[in-house]
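J.: One structure, as structure tokens, below. Some questions next.
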Amino acid sequence: MSYSTSRGVRPPQLPTPTLCHAPGAGGASSDSCPPVIDPILLLPEVLTIVRIGRTTLYKMIKEGTFPAPLHLSSRIRGWRMSSVKAFLDSLESAA
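Start counting the sequence shown at 322; every next residue gets the next number (my numbering).
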């Protein structure tokens, strides 16, 4: 299934947990499992996932209702996927 928006941005795929990263998983040692990586999402990806506009996003950051971005360079900002997911989870629990 193809997913596209008017901006042509595809939402990132969430990582699939494996048995070796499951809490209390017996069989696999930590040496045989790759480390879990928390991807950095750029602005277009965040806007696609959260489904809000740029102005609304920055207003929410200023109000403290959305996580502040990481400063990746002097011009590039990004958000950890886990912080965006935590924000969305908090909306579900508040509803």
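Just so it is clear, CB atoms sit at the ideal spot from N, CA and C, and this is done for glycine as well.
Within 10 Å of its beta-carbon, does V357 have 16 or more other beta-carbons around it, so buried, or fewer, so exposed?
T.: It counts as exposed.
J.: What residue range is occupied by the uninterrupted alpha helix (DSSP H) comprising L409?
T.: L409 -> alpha helix (DSSP H) spans M402 to A415.
J.: For L362, which residues from the same chain have a beta carbon less than 8 Å from its beta carbon, with the 5 sequence-adjacent residues on both sides left out?
T.: The answer, listed in chain order, is P333, I370, G399, W400, R401, M402 and V405.
J.: Alpha helix (DSSP H) containing I382: first to last residue?
T.: Per DSSP, I382 belongs to the alpha helix (DSSP H) from R375 to E384.
J.: How would you label E366, buried or exposed, when you count the other beta carbons within 10 angstroms and need 16 or more for buried?
T.: The residue in question, E366, is buried, as its Cβ has 16 or more Cβ neighbours within 10 Å.
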